[in-house]
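Take a look at the structure below.
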Amino acid sequence: MYTATGWASATQYPGQTSGNYSVTISDGNTVTVGNYTNGNNSALSLTVSYNIGDLIVLGQLTLNINMELNNTDDLLIDAGTVLWNQNNVYLKLKQNAEVKIINTGTGSCGNSTGLNGYGFIGGSCSNQTSLEIGNITYTNCAGSGNAVAGTFCDVVEAGGTLNATPIASATNICLPLNSVTLTAPSNSNVTDTKTYTWSVVSAPVGFTGFSNNGLSSITVNNLIAGTYVFKLKISITKSGKTFSAEDTVTINVYQAIVSGTINSLNVCSKYNTSNTITLSGHNGAITKWQSSTTSDFSTAVTDIANTTNQLILPNNLNTDRYYRAVLSNGSCNGYSAIATVKTNTTVYTGTWSNGAPDSSKRAVFSNNYLIDLDLNACAVEVNNNAVVTIPANKTLTVDAEIEVLSGNINVENDASLVQIRKNVTNLGNITVNRNANLKRLDYNYWGTPVAGQELKAFSPNTLSSRFYVYNESNDGFVAVNPVGNNFIPGKGYGIRAPNNFPSTPTVFNGVFIGLPNNGDIVVPLTNTFNGFNLIGNPYPSNISYEEFYSVNSSVINNIAYFWTNINPNPAMQYNNYPEEGTYNNYAILNASGGVPATGPAGSSVIPTEYFRVGQGFIIQAKTSGSVIFNNQMRNGVASAKFFNRNSKVSKESTDRFWLQLTTPLQVANKILIAYKKGATNQLDPNYDATHLVEGIDSFYSLLNQEKLAIQGRAYPLLENDVIPLGASFYAAGVYTISLEEKEGIFTNKQMIYLRDKITGTETNLQESHYSFSVNARGEINNRFEIVFKPNAVLSNHEVNVQGIKIYKVENGYRIIANQDVITAIELWDMSGKLIKSITPNTTDYNFETQSLQKGVYLMKVKSKKKELQQKIIH
1 MYTATGWASA TQYPGQTSGN YSVTISDGNT VTVGNYTNGN NSALSLTVSY
51 NIGDLIVLGQ LTLNINMELN NTDDLLIDAG TVLWNQNNVY LKLKQNAEVK
101 IINTGTGSCG NSTGLNGYGF IGGSCSNQTS LEIGNITYTN CAGSGNAVAG
151 TFCDVVEAGG TLNATPIASA TNICLPLNSV TLTAPSNSNV TDTKTYTWSV
201 VSAPVGFTGF SNNGLSSITV NNLIAGTYVF KLKISITKSG KTFSAEDTVT
251 INVYQAIVSG TINSLNVCSK YNTSNTITLS GHNGAITKWQ SSTTSDFSTA
301 VTDIANTTNQ LILPNNLNTD RYYRAVLSNG SCNGYSAIAT VKTNTTVYTG
351 TWSNGAPDSS KRAVFSNNYL IDLDLNACAV EVNNNAVVTI PANKTLTVDA
401 EIEVLSGNIN VENDASLVQI RKNVTNLGNI TVNRNANLKR LDYNYWGTPV
451 AGQELKAFSP NTLSSRFYVY NESNDGFVAV NPVGNNFIPG KGYGIRAPNN
501 FPSTPTVFNG VFIGLPNNGD IVVPLTNTFN GFNLIGNPYP SNISYEEFYS
551 VNSSVINNIA YFWTNINPNP AMQYNNYPEE GTYNNYAILN ASGGVPATGP
601 AGSSVIPTEY FRVGQGFIIQ AKTSGSVIFN NQMRNGVASA KFFNRNSKVS
651 KESTDRFWLQ LTTPLQVANK ILIAYKKGAT NQLDPNYDAT HLVEGIDSFY
701 SLLNQEKLAI QGRAYPLLEN DVIPLGASFY AAGVYTISLE EKEGIFTNKQ
751 MIYLRDKITG TETNLQESHY SFSVNARGEI NNRFEIVFKP NAVLSNHEVN
801 VQGIKIYKVE NGYRIIANQD VITAIELWDM SGKLIKSITP NTTDYNFETQ
851 SLQKGVYLMK VKSKKKELQQ KIIH
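Residue numbers for the sequence shown follow full-length UniProt numbering, beginning at 1 and rising by one.
In structure tokens, the structure reads:
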């Protein structure tokens, strides 16, 4: 390199990078150092001070002069040769450098020929041809003098310089084994005394107790889980000069395999949807799973590619099997606990092969079977043309799939077929029966419990023009072609009675045939007008309206309407009732409770939470969207109601009562007043309900001018609460308001008073009903109200108020005023007309009523100190 002062030796070759690097003499190539050939070149040297950390000889390095590699740590001769080509030549490495000689093959070694031509070769082999490491002569060609390791051949056969790589009894250890023995290589070609120093380079936190013993072998105890690096340093001293070699070994200690716990299963569902075994509490990674037909996995072992702790069982399991996970932690291997999977089946051929079905058994019906008690099964299969019959008020509950391979499941009227899991596949058709009492021209609202049922086939004798769906946009009905069109699950249909039915109520046997509906069923709704949509129970089981509303409360109001087909009684028919008017045929259910449709007294049908199979009903959407039916809504409650003409007693108990207005033609109109948590005294569509159709005879409570069939009031009842009542009247005559049903506080001491503001009377409806006369057809909204704290105590029986007593006697009433004088007695009819007035001025008086027409009257009795009003019926 030329500088401003002249030529100078270069410190790097062009392109050299800083730091240590490797230099390789490739196979087939020779690097020759020096060309001096007088045979004695001890005075000539090439000193290499560059950072050649590693010198790798795959070909040949020929030394004609001395060569010093002052920064080289490792010399690797891999099927290569270092040739000392002249006498008195040495190769010098840095102190404690390491030489490795590999891939020399086997055979005899000669100091001047090497081993198969590989390794160290001395040209004319003398003691002066040597390998120097630091300040010691490690080896020379002839081996005499002060060489530490003998001749070139000794070093070649030993594989290089002193080997300090520890030999471990095991490099991967599984606890509870917690010790390892480390041994130094023999280095037998080095005969001088060796000094051994053991140390720990790194170890897991918590490891203690290691101590160097200075021997060629050491046992390390009390190992804990983790990675260790141990170092061995071997030193030899020759002629006062020390050579050392050191190396490390890595030991991995792993936690022992822990088998953990795993759940066993009774597999009874053919499709095993969501049948999963889960391993927990284990130690070690899962490399795969295995199954076997033997519990000890001695035969028929099948590997399953899955490395998670959960295994979903395959479909169509029909034999008992065993499952385990293969665990690995480093080099530690083992198995998990074993899961036993039993295929639990019972077959009916006249008797049960494995006991009666329950929720853990697959029930296979190979013979006819009548379910006489509610039955549970994990899954159901019907074959061999067997017929399984579920009679009225009985329930078959199936956890998973239903497969009718041949034969039938016959769900009779008022029976239920319940499925629990939704993600299963049903196979084959079933038959579902639903009866309805209809007369010619009657309609009923229907929903299908199966898929694949054609509309026309369901009611073949109904005129094809009399199948309808509801049109929310105008609250009317639109005809649908029943031929070739099937029921849509979840959608409601209005279907008229068969055209060949008589004009008197007749049982219509509705039969649905198809694949049983199951799982989530989504039904679209619209809200472009009033939001009323006709939908239907989509399952072959009863459903809970409370569950249905809970799932869909963001989309619908808490109200349902049911078309009932209430038939007129003879009195109504004789008077051509309702003449040119209408009467309300909808029963109503909301959060406060239910009220029946208008109809003959004694035929009341109050809807409650549970809806029967095939039931269609109207709901009110808050917004356009969808409602969802799901399996959580399904149940087999025997007391559920199908709306036609059956009776039902409410399940729920709360503070509420039902009032009934009975007309002269014995038409009953019921309303509900309920004190319900969540309700307010303001209009609320979830707790208050108007009639969907207001009939010509109608009875209602009033709230902000709204006429309500159901009124929910703030809970609890306050004694000063007042509820106005109103009614429309079809004809003149005597009408009666009565308390029909009551719950909660109204079954005990809480009184319910009807106040007539025209007559000024208050009647305790807990004790008697109240009759009054109406002179003409019309509507009255300001006469009656319900109160709970009376101004006077009323009764149809003996009355003793503030000293005045009234007794019923043969020809009228006897009135006694103890220690007082009766000053006036007035008799009024229910229209407010004064019929009779007298002034007895006595303490005891007989008031004759023989000349009066039959009816309801109000008697007012006054004394000097007191006053009493009493309703009498003559």
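Glycine included, each C-beta is placed from N, C-alpha and C at the ideal position.
All of these numbers come straight from a predicted model, not from anything done at the bench.
Phe562 beta carbon less than 7 Å from that of Phe617: yes
Asn527 versus Asp756 - alpha carbon distance: 41 Å
Cα-Cα separation between Ala668 and Asn266, rounded to whole angstroms: 56 Å
Unbroken stretches of the beta strand (DSSP E), 3 residues or longer, contained in the region 241-272: 241-254, 265-267
Close Cβ partners of Thr85 (< 7 Å) along its chain, the five nearest in sequence each way excluded: Looking at the sequence provided, one finds Asn at residue 85 rather than Thr. So the qualifying residues of the chain are Thr62, Leu63, Asn64, Gly123.
Beta-carbon proximity list for Ser179, same chain, < 7 Å, skipping 5 on both sides: Thr219, Val220, Asn221, Leu223
DSSP state of Val156 mapped onto helix, strand, coil: helix
Val551 - DSSP class collapsed to helix/strand/coil: helix
Anticipated Cβ contact below 8 Å, Ile556 with Val483, distance rounded: Not quite, the Cβ-Cβ distance comes to about 32 Å (not below 8 Å), so this is no contact.
Cβ shell of Asn410 (< 8 Å), same chain only, five flanking positions each side left out: Sequence-distant partners of Asn410 (beyond 5 residues in either direction) whose C-beta falls short of 8 Å from its own C-beta, in its chain, are Val387, Val388, Thr389, Ile390, Ile430, Thr431, Asn433.
Residue from Ser45, Thr72, Leu46, Gly34 with nearest C-alpha to Thr24: Thr72
Segment contact, 8 Å Cβ cut-off, at least three pairs: the region 708-717 with the region 667-687: Contact between the region 708-717 and the region 667-687 is present: 3 or more CB-CB pairs across the two stretches fall below 8 Å.
Complete runs of the beta strand (DSSP E) confined to the region 130-190 [at least 3 residues]: 130-133, 136-140, 172-174, 180-183
Ile458, enclosing alpha helix (DSSP H) - first and last residue: A quick correction: the sequence has Phe, not Ile, at residue 458. Looking at the DSSP string, the run of the alpha helix (DSSP H) that includes Phe458 is 455-458.
Euclidean distance between Cα positions of Glu454 and Asn704: 47 Å
Own chain residues within Cβ distance below 6 Å of Thr546, not counting five before or after: One detail in the question is off: residue 546 reads as Glu in this sequence, not Thr. Only Glu609 meet the Cβ criterion.
For Val341 and Leu370, believed in contact at Cβ under 8 Å, the rounded distance: The Cβ separation is near 33 Å, so there is no contact.
Distance CB(Asn111)-CB(Thr151) smaller than 7 Å: yes
Candidates Ile752, Asp820, Phe467, Thr250: closest to Phe487 by CA position: Phe467
Cα-Cα separation, Ser701 to Glu740: 16 Å
Own chain residues within Cβ distance below 6 Å of Leu76, not counting five before or after: Ile56, Lys100
Three-pair Cβ contact test at 8 Å for the region 324-341 versus the region 255-266: Counting Cβ pairs under 8 Å, three or more are found: they touch.
Length-filtered (3 minimum) beta strand (DSSP E) runs lying within the region 334-395: 339-343, 345-348, 362-365, 375-377, 379-382, 386-390
Any non-hydrogen atom of the ligand FMN closer than 6 Å to Ser837 Cβ: Annotation note on the ligand FMN: not contained in the displayed structure, which lists no ligands.
Chain-order list of residues whose beta-carbon lies under 7 Å from that of Lys742 (same chain, five-residue window excluded): Phe657
Counted within 10 angstroms of its Cβ, other Cβ atoms place Ile838 as buried (16 or more) or exposed: exposed
Boundaries of the beta strand (DSSP E) in which Tyr445 is found, first to last residue: 443-446
Residues of its chain near Val301, where Cβ-Cβ distance is below 8 Å and the 5 sequence neighbours each way are ignored: Gln290, Ser291, Ser292
Start and end residues, beta strand (DSSP E) containing Val99: 98-102
Where Ser464 falls: helix, strand or coil (DSSP): helix
Separation of Ser295 from Glu98, as counted between CA atoms: 57 Å
Extent of the continuous beta strand (DSSP E) run through Ala674: From DSSP, the beta strand (DSSP E) with Ala674 extends over 667-676.
Proximity below 7 Å, CB of Ser768 to CB of Val856: no
Distance CB(Val861)-CB(Ile815) smaller than 7 Å: yes
Which listed residue (Gly281, Phe120, Thr137) has its alpha carbon closest to that of Asp78: Phe120
Straight-line Cα distance separating Gly428 from Thr663: 52 Å
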